[in-house]
Every structure is written in structure tokens, then in C-alpha cells.
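First up is the structure itself, then whatever we jot down about it.
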Amino acid sequence: MTPFSTIRSVAAHLPEPNIDTDIIYPARYLLVLDRDGLGDYAFRDRRFEQDGRPKPDFVLNRPPFDQARVLVTGGGFGCGSSREQAVWTLIGLGIGCVIAPSFGEIFRNNALKNGLLPIDLPEAVCVDLGEKAEAGAIFTVDLESRALLVDGVLVAAIDLPEGQRQALLNGWDEIDLMLREEGGAIAAFEAGHRVAQPWLFLETR
Amino acid sequence: MPGRTLYDKIWSSHVIRDYGDGSCLIYVDRHLLHEVSTPQSFLAMEAKGRSLHRPAANLAVPDHVVPTTGRDQPIPDPLARAQTQRLAENVARHGVPYIPLQDIRQGIVHVVGPEQGFTLPGMTLACGDSHTSTHGALGALAFGIGASECGIVMAAQALRQRRSKTMRVTVTGTRPRWLTAKDIALCFIARVGGNGASGFAVEYAGPVISAMTMAERMTLCNMTIESGARVGMIAPDDITLSYLKGRPMAPDGAMWDRAVEYWRSLSSDPDAVFDREMELDVTGLAPVVTWGTSPEDVLPIDAVLPDPAAEADPARRARREKALAYMGLVPGMRLEEVAVDVVFIGSCTNGRLEDLRAAASIAAGRRVAPGVRAIAVPGSGLVKQQAEAEGIADILRAAGFEWRDAGCSMCVGMNGDMLAPGERSASTSNRNFEGRQGPGGRTHLMSPAMAAAAAVTGHLADIRKLMGGDAA
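If you're matching them up, the sequences are chains W and P in order. Per our numbering, residue 194 is the first one in the first sequence, and the count goes up by one each step. Per our numbering, residue 113 is the first one in the second sequence, and the count goes up by one each step.
And the structure:
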């Protein structure tokens, strides 16, 4: 994946809890077999009328927020389906960081696999950041120094396990790393597991 | 050593490496594939010149985009046809066991896995679908993953995962006649909140669970993801074993005996400590439906719609107002007055034989109300075959239901079975999200019996009143 570099951008505020994966990426576009170039489908039914005209009052259609690279939103963002398109579509839209009180677990995992940074902050902080976002403040997401700044003022530390931080900063492909570093351990485990629970290794009939 | 939970036991028996930061590399015994979440996984894998670590650990079946009519014809939608074809090509190239569309065993991955005995107690199982929690009903540790993680499982048979906190939900009391597993699941979600169990693995226990059939347990574990928890599970017992014995992919003979001996050890120890405990007493509970756009928006069928003005918290008030507006409903209205356009019986939540039987028992001798379109979609070809053999299909068809071929159908609205904008459904599926069953569609979730009651009355209906004298 692309290495995570510091983001400096206005932030779009979606003040609503439980924005689910069907809102982020409606199921009918899952028929598209790509993972790149999916930005047009993001929040499709919130952003566009059925005839394709943009809804002018939706935040991501309004300058300067149509250029936002950060989203500030409510808890449970990305709950629902496991569709990774919910992450790919945000990346396609240019979003690199989502700030929320909590995330759907599968969405969060998917985000980290693709270089999209989820930042969990307490509800009250998110509400405050949402107000600042609406006022047009510039958000700086500096993962190198674990700092989230708003108009140059530190507002929160970015809490992420060090391994995941390094993976994002370096753009490491998890599977390359896993096969290289753990291939032997996986094979050894499998050999023992085959003895302990042999019925899991029967050829399917 | 303190007692261990069912989750602890399966987790620790699959740890390859503990990274000491709350995450471990765990071995993934089995992987289910469908056409929607894997095309990009195969592409990424092949771009790196890799192959599957152990093809026989996988099973693929198309379910999400396949039509539920006209199976003797090519799939009409070119995108759906291409996606289904892509799965067939990918699995052929990599030697993955595959159930094609024309096979009698074809169906929804979460119906097919248990039905074939592919899902077994004590195993770890992953699938690129959030409702993989279903398989926990057999005492497996099963969870949904995204396409990138599907690619990792395919190539490495392992995943780095955070260990979940554990929650036990003990279901007690006297279960009323019409209170189904779906009602219990929705009551749990309402109690804990739509993302309230995030980070937890939920184990269901207690006398009401012990008495449940496997189909009911699967419904309950299936819906667990709607509480935010990726994992729902139930310890294997005699009901689990008698369900599994003789399934095509389950072990047999001496190997069965050996497996059973191990599976018997999997229940949570009496002194096991859970991070969170909840008791759910079902005595006197009424059947429920959802009224809003989150599965936590649950009310008893005899209730009236909530007035957002009565909600003190402004964020919650705004969400309720928005949900009511989307659903085209007004505060104070009785749920039983809400007319429906479409009834959908099916999905990985409620597309099993018992679910169709329940719907047929209500539909028998009745007619789908004028103006209502009712469809019944079996969870698999084998479920369909059995339902036809039992006369269930005839009953439903005679009542005016459309009787379809197996697939996800209107639960996810990808195959052409969908709501038109503004249409309202009584649905046995799992999500009432905005647009879930089609853009602008309005979904009320409920049990198969309640959905059938809505079909024959034309509105959300209290099954207890409809079936009045039948207290059997």
C-alpha cells in the first residue's frame, strides 16, 4: 500500500452515529470488480439524486469540504458489512483519515490494511473537532510524531500499536511480511495442529 | 489456573504467535468464499505470484448476486454474470472446492457451510462476509473479514487479530409461544446497542439456548454482528452433534468419535470469568419488529412509534427524527397500522427449513393480502428440495408467495430482487440500513412467522392476535 504521509487539509463533518457500510458504499456497486477509482460511489445516495445530480447541501459537495482529506464523524462509523469497498471508496475520494468515537471492527481492520487511518477519540472531543471542522479549520494528521493538530494546535495524540504505525508509515504489505517472517512458524503450527485435530485435515468428500 | 471460556479455548488452540500487544497470529482452519468479496483478493494474490496455502481448507459458492429465478438461463445482468463467472474461473485456476450455481447444494455461504458439515466445532473459520458469525452456533470461532484479509487467509492460512473481550449472554425464563430466536436476537441488540458489543466475542448460554434447535442458534449467532460484536458462539452439545453427524464433510467412524471427545471439552469452565455478563429473561416478551434504520431500533409489535421530542439527548433525538423521516413514519402511530408492500422470507438469518416451515404454518389456508408482493427464498438448494418434499412450497405458493431459487436475494438487493424507492418491506433479513434492500427502500426486520403474518394481513401484525386460539 501507499506509505502514509502527513495530511494537511480541511475536515468534513458528518455529525451522525452509526454511518454504516451501506451508506458509505451501497451494495449495488459491489458488482464493480475494481478496487481503484471507486470514489464516485462514496455516500452515493447521500451525495447524489437518483438522476445523478449532486445534492448541494451534502457536506462533501460543498467547497472547501469537497477537497477534505479528513472526516470527523459519529460513533460506530463503518458498522455493518465487511465490504472493503467502504474503505477503497473513501481512499478514492481522497480521504486519508477518519476521526470518530468508535468504528465498526471489520471496517477498522480493512482501513489499516489500505493506509486509511482510523482515529478513535472520545465523543466530546469529536463533537468539538466537528465544530472546528465546520468552521474550516485545517487538520494536520502527523503519524510520524503521533500528533493530531487543528490550526497548528495539538488536540490529541494518535494512539496506534507501533507495528501498525510502522506498517502505515512504510506502506508495508502485511502478507509479504507475514510470509517472510512467520512462514516457518505457520508451517510448524500446522504440523502440530494436524496431529491434534486430524479431522480438520480430511480431504473434503 | 482460572477457568477458561469457550472463546479462550478455541483462540488459544490456534495461536501461532502472541505479539504481546493484544494481537496474535492465529491459524485459520477454514475459509468460505463467495463471488463478491474475493475477486480483488485473487487479483492481489496473483499479482504477487502466490497461490493458496491449502486449497482444501476453502469452499466457494456464489450467493450474493445470483438470480433467484430463471436458473436455466444465463444470468441476465452482465455485471452479475461477470462476477459469478470470475469466481468460477478463480477457483478453477487454484483448485478450490466449488459448488456451482446449478448444484443442488448451492446456497448462501452461511447456510451451506453448516449444512455440508464444512463448519465444525472448535475450528476457526473466516469469510469475507460479516454474517460469518453464524457459524459460531456450532461452537466454532467464526468471524467476517475484508477482501485483503481473505487474500491473507488464502495465501497464509493465518491472520493477525486482536483478541476479543468476552461477553456471556445468559438467556433465561419461560419462552413465550411466538418468541423466536430472531426476537431474542433483536431484543439483545436493542439492549446492548447497535455498536454496543464492539470488541467483544459473545457467548450465548442458559436454558433457553440449550433448548434451541441448530437453526435457531444460527439465527442468533448470525445477528450478533448487528450488536457490533464480530463473534457469536454457543458451546457444542448433543443438539450440535446430532445435527452434524452424517453431514457430507463431517468426519465419520473412529475420527468422528475422536472429534466428539475433543468437542465435548469446549464449553466454558464453570469458574470462567467473562469481561461482561448480561442476563436476558425472555418471560413475557412480545414478538418485536424494527421501526428505524438501525437493528437496535426495536419495539414490541403492540407498541406505538416513539416521539423523538421525548428524547433528552440531542444526538439521539436527531437520529430518531432522521430514522422516522426516512421510514416515512410519524410518532405515536401504532406499529400494527403500518402497511407493507413487500414481504421477504429468506437470508442467512432466516432462510433455513425451520424458518420456511414457520412461515408456511402461518400462510396455510390464508392468502397474501391484495397489493402485497411476497417472496420466499430458501437458503440453499437442499433447503428448497426439502421444503418442496414437505409440501411447504405448495402451501406458500397457494397463499400467493413467489417460490424462488436459493441466494441472498432481497437481503442485500444485488441480484435484482429489491425494493423500489419508498417501498416498505416486512423482512426476515438482518439489516434495516438506509437503502439496504434498494435505494429509498424501507425495511422492518422480524421473524419468519411475523413476516408471514404481515404478508397475509397487509400490515405489520401481532402474530399472537392472528393465531389467537392456537396456543400449541
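We treat Cβ as the ideally placed atom computed from N, Cα and C, and that holds for glycine.
Per-residue DSSP class, three states only, for residue i
| i | result |
| --- | --- |
| Trp368 of chain P | helix |
| Asn170 of chain P | strand |
| His143 of chain P | strand |
| Gln269 of chain P | coil |
| Ser242 of chain P | helix |
| Ala421 of chain P | helix |
| Glu514 of chain P | strand |
| Met562 of chain P | helix |
| Val320 of chain P | helix |
| Asp309 of chain P | A small fix is needed here, since residue 309 of chain P is Ala in this sequence, not Asp. It is coil, neither helix nor strand. |
| Ile211 of chain P | coil |
| Thr286 of chain P | coil |
Extent of the continuous alpha helix (DSSP H) to which residue i belongs
| i | result |
| --- | --- |
| Phe382 of chain W | Glu367 to Ala389 |
| Asn334 of chain P | Met326 to Met335 |
| Gly344 of chain P | Premise fails: Gly344 of chain P lies in the beta strand (DSSP E), Val343 to Met345, not in any alpha helix (DSSP H). |
| Pro311 of chain W | Segment Leu310 to Asp313 is the beta strand (DSSP E) holding Pro311 of chain W; no alpha helix (DSSP H) there. |
Chain W contact for residue i (CB, 9 Å cutoff)
| i | result |
| --- | --- |
| Asp130 of chain P | no |
| Ser302 of chain P | Strictly speaking, residue 302 of chain P in this sequence is Ala, with Ser absent from that position. Taking Cβ atoms only, chain W never reaches closer than 9 Å to Ala302 of chain P, which makes this a no. |
| Trp123 of chain P | no |
| Arg497 of chain P | Per the sequence shown, residue 497 of chain P should be read as Gln rather than Arg. Not closer than 9 Å to any Cβ of chain W, the Cβ of Gln497 of chain P fails to qualify, so no. |
| His165 of chain P | yes |
| Gln195 of chain P | yes |
| Pro533 of chain P | yes |
| His126 of chain P | yes |
| Gly491 of chain P | no |
| Gln218 of chain P | no |
| Lys357 of chain P | no |
| Met445 of chain P | no |
| Gln269 of chain P | yes |
| Met259 of chain P | Residue 259 of chain P is actually Ala in this sequence, not Met. Answer yes: the Cβ-Cβ gap between Ala259 of chain P and chain W drops below 9 Å somewhere. |
| Val148 of chain P | yes |
| Thr244 of chain P | yes |
| Glu546 of chain P | yes |
| Ile264 of chain P | yes |
| Gln152 of chain P | yes |
Neighbourhood of residue i by C-beta, 6 Å cutoff - its chain only, sequence neighbours within 5 removed
| i | result |
| --- | --- |
| Ala584 of chain P | Reliability of the predicted coordinates at Ala584 of chain P is poor, the pLDDT of 39 falling under 50, and no value is obtained from them. |
| Gly323 of chain W | His206, Pro208 and Val265 |
| Val63 of chain P | Any question about residue 63 of chain P goes unanswered here, given that chain P covers just 113 to 584. |
| Met526 of chain P | His176 and Val177 |
| Gly318 of chain P | Thr282, Val283 and Thr284 |
| Asp393 of chain P | Thr284 and Gly285 |
| Leu137 of chain P | Ile128, Arg129, Ala270 and Arg272 |
| Leu310 of chain W | Cys290 |
| Met361 of chain P | Gln228, Gly229 and Phe230 |
| Asp467 of chain P | Pro560 |
Closer than 8 Å: residue i CB and nearest the ligand ATP heavy atom
| i | result |
| --- | --- |
| Asn303 of chain W | What this structure holds is no ligand at all, so the ligand ATP is not there to describe. |
Residue range of the beta strand (DSSP E) that includes residue i
| i | result |
| --- | --- |
| Asp393 of chain P | Arg388 to Asp393 |
| Glu408 of chain P | That residue, Glu408 of chain P, is in no beta strand (DSSP E); it is neither H nor E in DSSP. |
| Ile128 of chain P | Val127 to Asp130 |
| Glu242 of chain W | It is not in any beta strand (DSSP E) - Glu242 of chain W carries neither H nor E in the DSSP assignment. |
| Val148 of chain P | Premise fails: Val148 of chain P is in no beta strand (DSSP E) and is neither H nor E. |
| Cys290 of chain W | Cys290 to Ala293 |
| Gly256 of chain P | Leu253 to Gly256 |
Chain P contact for residue i (CB, 9 Å cutoff)
| i | result |
| --- | --- |
| Trp392 of chain W | yes |
| Lys248 of chain W | no |
| Glu277 of chain W | yes |
| Asn363 of chain W | no |
| Ile292 of chain W | no |
| Ala389 of chain W | yes |
| Pro219 of chain W | yes |
| Arg255 of chain W | no |
| Ala326 of chain W | no |
| Val280 of chain W | yes |
| Leu372 of chain W | yes |
Cβ neighbours of residue i in the same chain (closer than 8 Å, five flanking residues each side left out)
| i | result |
| --- | --- |
| Ser377 of chain P | Lys121 |
| Leu494 of chain P | Ile216, Arg217, Gly219 and Glu227 |
| Glu261 of chain P | Ala238, Gly240 and Leu271 |
| Asp238 of chain W | Ile216 and Pro219 |
| His146 of chain P | Ala172, Val173, Pro174, Asp175, His176, Leu199, Val221, Cys239, Gly240 and Asp241 |
Residues near residue i by beta carbon distance below 7 Å, same chain, minus five either side
| i | result |
| --- | --- |
| Ser473 of chain P | none |
| Pro233 of chain P | Leu250, Gly251, Ala252, Pro348, Thr352, Trp375 and Leu378 |
| Phe545 of chain P | Thr405 |
4-residue-minimum alpha helix (DSSP H) runs that sit fully inside the stretch 459-507 of chain P, ordered along the chain: Unbroken alpha helix (DSSP H) stretches of 4 residues or longer found wholly inside the stretch 459-507 of chain P: 459-462, 465-475 and 493-501, given in chain order.
Runs of alpha helix (DSSP H) lying entirely within the stretch 200-227 of chain W, each at least 4 residues, in chain order: Runs found: 214-217.
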